[in-house]
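Chains as they are written, first to last, in the UniProt record's numbering: chain A, 1 to 340; chain B, 1 to 340.
There are 2 protein chains.
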Amino acid sequence: MMAKKRVSIKDIAKKLGISITTVSFIINGKAREQRISEELIKKVQDYIDEIGYKPNHVAQSLRLGKSKVIVFMAEDISNQFFASIARLIEEKAYQNGYKIIYCSTDNDHEKAKELISTFKMRNVDGFIITPTPNLEKDIKNLLDEGFPVVLFDRWIPDVSCSHVIVQNEESAYQGTMHLIEKGCRNLCFVSVMSTQSQMIDRARGFRKAAQDSNVDYQECLLKFHNLAEIEPYEKLLEFFEQRPGIDGVFFATNYLAFEGLQAMGVLQRQVPEKLKVVSFDDHYFFNLYKPKITAIEQPLEMIAEKLMETMLEHLGELDKVYKPVKVVLANRLNERESTL
Amino acid sequence: MMAKKRVSIKDIAKKLGISITTVSFIINGKAREQRISEELIKKVQDYIDEIGYKPNHVAQSLRLGKSKVIVFMAEDISNQFFASIARLIEEKAYQNGYKIIYCSTDNDHEKAKELISTFKMRNVDGFIITPTPNLEKDIKNLLDEGFPVVLFDRWIPDVSCSHVIVQNEESAYQGTMHLIEKGCRNLCFVSVMSTQSQMIDRARGFRKAAQDSNVDYQECLLKFHNLAEIEPYEKLLEFFEQRPGIDGVFFATNYLAFEGLQAMGVLQRQVPEKLKVVSFDDHYFFNLYKPKITAIEQPLEMIAEKLMETMLEHLGELDKVYKPVKVVLANRLNERESTL
DNA sequence: TTGAAAGCGTTACCAT
DNA sequence: ATGGTAACGCTTTCAA
């Protein structure tokens, strides 16, 4: 009924009448190296299989100072983008013997700071982080202490840290150009007020395209989403109601697009006839929506792959000072009905 | 530059010229109990604050046999439902000093089995699991070994294990009745082939409602979603094309509804005029879709709350044999345009 | 009121 | 070829 005490390496040694050391060597594949006799190896291995012995990772972690755990600090793990990345990362982590602990920062510096300090005392081996504002110093500290850190989604200009991001400016430029090519002459960029690098880059790409093409444009910046806040939907409704001339909208993120599209519906602004739409961050539902929404798709699998590849590389170079790896991936513009 | 060695309790003791024990007592709030002098307490605490000492959780875990880690085994962490639960659980776990490791089983028994065994050797304190088929024995083992286990989304009839689920049968019954009340006389239930309790219960509720009302019905069961598989969309297209008489569809899950709705669009079956639709598992996009889709909403916050409440309760009773807690929560039918 | 020391399960150095 | 043992950082019993 009650937990049968787990067998330890000591029990095995006692049972087989040999020393702990020998068992340890055999378990860790150092038997040959130590010239332990084949028959003893076999005997120990058979016994281990028989009783189903599994080494205690906590003890290993204490001894080795490594835990085989990576922490994944997303802005919000329930967000589809982060959840998808989490899933893909999980796969690769497990394949390499690593587990993943997750947490959500809510883009809150204090919370992120606290989480980092919590995980340090758990001997986590590495950090994958979507940095919040003002996290520069904490990231720098982690790096100085020798922790592998890989940032993603956004990065921090002032700190030389590995990161995996996408071509935000380039793709925003391309998406905006697409609107212009389709005939839009009065553009609007909808985004959140934010100092996050990816948002700034997207805005820059938009502006550049509009300016390069000599097209009128304006920007609608919403407060960062916060449950206490008024719905973006309300704001967008008001904004567009007062600006009937707008004929092309670039949404900086899919969440805003969904809210905005609802507003367009209510305002009877037919898409794409009266107003064309492009959104950053493609989504399953952009394909279902009527009309289907043109969107910029981030290469999720590639992001996850590069994240883990970089992390594993750094993990392999523990105690050495590793060179930061900076990956910038291309996106894809999926043209659909909203820009016909 | 390189990792300044982390201070341990030993360093503190040495620095202050007292024993490790004393420091430990003070850190763990047992100073009063041990009648340690106020001034010494203050001295130690001040020093700890000054150097920012944080105890090593791995060492604590090894010593105490508890890790303050809960593992969250979902079917697929990138699925919106599981991701949302993950987020809510995270919140409560962290509030109580627990961290969460996640993993996805893909509903694969072998994978789940392996994951369980992996986590046992990490001293995880508890398991929150969406059980895969054939996992009865493994759950039972966990229970026998004294691990707190809470199942959710579905449960296992043969094992007396705590679980948090929703009223699947009742809500499916209610949703089906809703279709019938709105005039449907030729119903169809779309689901996946599955032995999962929640799917079976939903089917049962559907059937019962149809039979109680003496209404024709049929069922369309798709192979369990698998990337190698043909798209549910194709199957549904074919299925409904051959059955023009169907005037009411109950989708067992939102994923199927989205695929089915696309098929309806192509087949020109106007919703709700020609065919009414209800889906299990409400979704943000059911509100955005045109027409808005009537759906049964699971109480996510409540599920998460009950999950953690139950888990924490069990964690408090470690080493005692705890009574399984069985929670069944009510859902809400959100009536929308698809059943007008 | 404080300290010494055992012990949690491992690994790895040093003997033999 | 194999074994003894210190060490990882902490908690807690027992002794002083």
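Even for Gly, the Cβ is constructed at its ideal location relative to N, Cα and C.
- Cβ-based contacts, 8 angstroms cut-off: residues of the UniProt domain "HTH lacI-type" (7-64) of chain A near chain B: Lys54, Pro55, Asn56, His57, Val58, Ala59, Ser61, Leu62
- Item | Contacts that Asn123(B) makes with chain A (C-beta to C-beta distance below 8 angstroms) | Asn56, His57, Val58
- Query: Taking the runs of the beta strand (DSSP E) that are 3 residues or longer, which of them lie wholly in the segment 225-306 of chain B?
  - Reply: 248-251, 276-280, 294-297
- Message: Please report whether the beta-carbon of Leu256(B) lies at a distance below 9 angstroms from any beta-carbon of chain A.
- Response: no
- Item | Any C-beta of chain B under 9 angstroms from that of Gly265(A) | yes
- Task: Might you give, ordered along the chain, the residues of its own chain that have their beta carbon closer than 7 angstroms to the beta carbon of Gln262(A), omitting 5 neighbours on each side?
- Result: Tyr233
- Message: Using beta carbons (cut-off 9 angstroms, strictly below), is Leu288(B) in contact with chain A?
- Response: yes
- Any chance the segment 111-130 of chain A sits against the segment 140-148 of chain A, with 3 or more Cβ pairs inside 8 angstroms? yes
- Message: Which residue wins for smallest C-alpha separation from Ala295(B), given the options Val321(B), Gln242(B), Ala252(B)?
- Response: Ala252(B)
- chain A contacts made by the segment 98-122 of chain B, where a contact means CB separation under 9 angstroms: Lys99, Ile100, Ile101, Tyr102, Cys103, Ser104, Leu115, Ser117, Thr118, Phe119, Lys120, Met121, Arg122
- Message: Contact defined as beta carbons within less than 8 angstroms: I believe Ile89(A) pairs with Ala83(A). What is the distance between those atoms, to the nearest angstrom?
- Response: About 11 angstroms; that fails the 8 angstroms criterion.
- Query: If you draw a straight line from the C-alpha of Glu202(B) to the C-alpha of Tyr173(B), how long is it?
  - Reply: Note that residue 202(B) corresponds to Arg in the displayed sequence, not to Glu. The straight-line gap from Cα to Cα measures roughly 8 angstroms.
- Message: Would Phe258(B) and Phe285(A) qualify as a contact pair, given that the criterion is a beta-carbon distance under 9 angstroms?
- Response: yes
- Item | beta strand (DSSP E) segments (min. 3 residues) lying fully within the segment 45-129 of chain A | 69-74, 99-104, 126-129
- Query: Would the beta-carbon of Glu169(B) fall within 9 angstroms of that of Ile156(B)?
  - Reply: no
- Query: If you check the beta carbons only, do residue 369(A) and Thr310(A) fall under 9 angstroms apart?
  - Reply: Any property of residue 369(A) remains undetermined from this structure, which presents chain A solely from 1 to 340.
- Task: Use the C-beta contact count for Val328(B): other C-beta atoms within 10 angstroms, 16 or more gives buried, fewer gives exposed.
- Result: exposed
- Which same chain residues, not among the five before or five after Ser213(A), have their C-beta less than 6 angstroms away from its C-beta? Ile180
- From Asn56(B) to Arg63(A), what distance separates their C-alpha atoms? 12 angstroms
- Message: Please classify Thr21(A) as buried or exposed, where buried requires at least 16 other C-beta atoms within 10 Å of its C-beta.
- Response: exposed
- Item | Of the residues Leu340(B), Ile70(B), Val325(B), Ile303(B), the one placed nearest Val278(B), counting alpha carbons only | Leu340(B)
- Item | Under the three-state DSSP convention, the category Glu337(B) falls into | helix
- Answer yes or no: does any C-beta atom of chain A fall closer than 9 angstroms to that of Tyr284(B)? yes
- Does DSSP put Lys42(B) in a helix, a strand or coil? helix
- Task: Quick one: give me the first and last residue of the beta strand (DSSP E) that Lys326(A) is part of.
- Result: 326-329
- Query: When DSSP builds the beta bridges, which residues end up paired with Ser171(A)?
  - Reply: None; Ser171(A) has no bridge partner.
- Among Tyr53(B), Glu241(B), Pro299(B), which one has its Cα closest to the Cα of Arg6(B)? Tyr53(B)
- Item | chain A residues whose Cβ lies nearer than 8 angstroms to that of Ile77(B) | Ala83, Ala86, Arg87, Glu90
- Item | Run of the alpha helix (DSSP H) containing Phe206(B), from where it starts to where it stops | 197-212
- Query: By a C-beta neighbour count over all protein chains shown, 10 Å radius and 16 as the cutoff for buried, is Ala31(B) buried or exposed?
  - Reply: buried
- Straight-line CA distance for Met177(A) to Glu219(A)? 16 angstroms
- Determine the burial state of Gly248(B): buried for a count of at least 16 other Cβ atoms within 10 Å of its Cβ, exposed for fewer. buried
- Query: Which same chain residues, not among the five before or five after His109(A), have their C-beta less than 8 angstroms away from its C-beta?
  - Reply: Thr132, Pro133, Asn134, Leu135
- For Phe189(B), name the three-state secondary structure that DSSP assigns. strand
- Could you have a look at Met1(B) and say whether DSSP puts it in helix, strand or coil? Residue confidence is low: Met1(B) scores 40 on pLDDT, short of 50, so the model does not pin down where it sits. Its coordinate-derived value is still stated next. In this structure, Met1(B) counts as coil in the three-state DSSP scheme.
- N- and C-terminal bounds of the alpha helix (DSSP H) containing Ser24(A): 20-27
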